[in-house]
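In UniProt numbering, the protein residues as written are 1 to 200.
Structural data, given as structure tokens:
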């Protein structure tokens, strides 16, 4: 997928409801603001380059057996889950998601940074927006995430594989989910006020 391509309908219009920004004429920017914007732009370009370069050094396994049964293919058929935790189910979903990412993200030490960017976005989503603190400690474990979040993440990863498993795409999918559902600062035990919808 090229940078200019539209995201597939998989994301259900994520990012389309962003507020419009005033034009440069309507706001005056100081030198500090311009430098911050330029740094953000360069950081985004760097991330995109790393993620795209990572795809050049891997091969796809199109015949994947996700090992979790056919019922995972159709999340619409699942009963409504009210943010519950079941260790056995969470374990199965988490490690199925992990295996899909490990099998399809590019391997090797030169792609470690690209893989870590994807894992960070995935973990941010599974932990309902709880990011690492200054010491690198999240204080939350994605293996015990709410089942519904795990199902959404797994469905997203499965769809990503079906679409060709481009590293940049999976990063963008999780980033868009995080922006939509975790855009504000969440308290210790707060989650999103909205129902997280499956992406397929």
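Yeah, the Cβ is synthetic: ideal placement off N, Cα and C, and Gly gets one too. The model shown is predicted, which means the values in this text are computed figures rather than measured ones.
Less than 6 Å between C-beta atoms, sequence neighbours within five positions excluded: which residues of the same chain meet that for residue i?
i, result
"residue 52", "168"
"residue 174", "121, 122, 125"
"residue 43", "none"
"residue 145", "126"
Restricting to Cα atoms, I'd like to know which of the options is closest to residue i.
i, options, result
"residue 178", "160, 98, 131", "131"
"residue 138", "144, 50, 127, 111", "127"
"residue 47", "111, 90, 35, 32", "111"
"residue 104", "144, 35, 129, 118", "118"
"residue 156", "50, 98, 140", "98"
Does any CB atom of chain E fall closer than 9 Å to the CB of residue i?
i, result
"residue 153", "Reference to chain E is not applicable here, since this structure consists of a single protein chain."
With a threshold of 16 other CB atoms inside 10 Å of the CB of residue i, please say whether the residue is buried or exposed.
i, result
"residue 182", "buried"
"residue 32", "exposed"
"residue 180", "buried"
"residue 116", "exposed"
"residue 90", "buried"
"residue 206", "The structure shown does not extend to residue 206, since the chain spans only 1 to 200, so no value can be given for it."
"residue 142", "buried"
Mind checking which residues open and close the alpha helix (DSSP H) that includes residue i?
i, result
"residue 90", "87–104"
"residue 148", "147–162"
"residue 122", "112–126"
"residue 35", "31–54"
Once the 5 residues before and after residue i are set aside, which same chain residues still bring their CB inside 7 Å of it?
i, result
"residue 35", "none"
Within a Cβ cutoff of 8 Å, which residues of the same chain sit near residue i, ignoring the five residues on either side of it in sequence?
i, result
"residue 79", "Confidence is the limiting factor: at residue 79 the pLDDT is only 47, short of 50, which leaves the residue's position unreliable, though a coordinate-based value still follows. Around residue 79: no qualifying Cβ."
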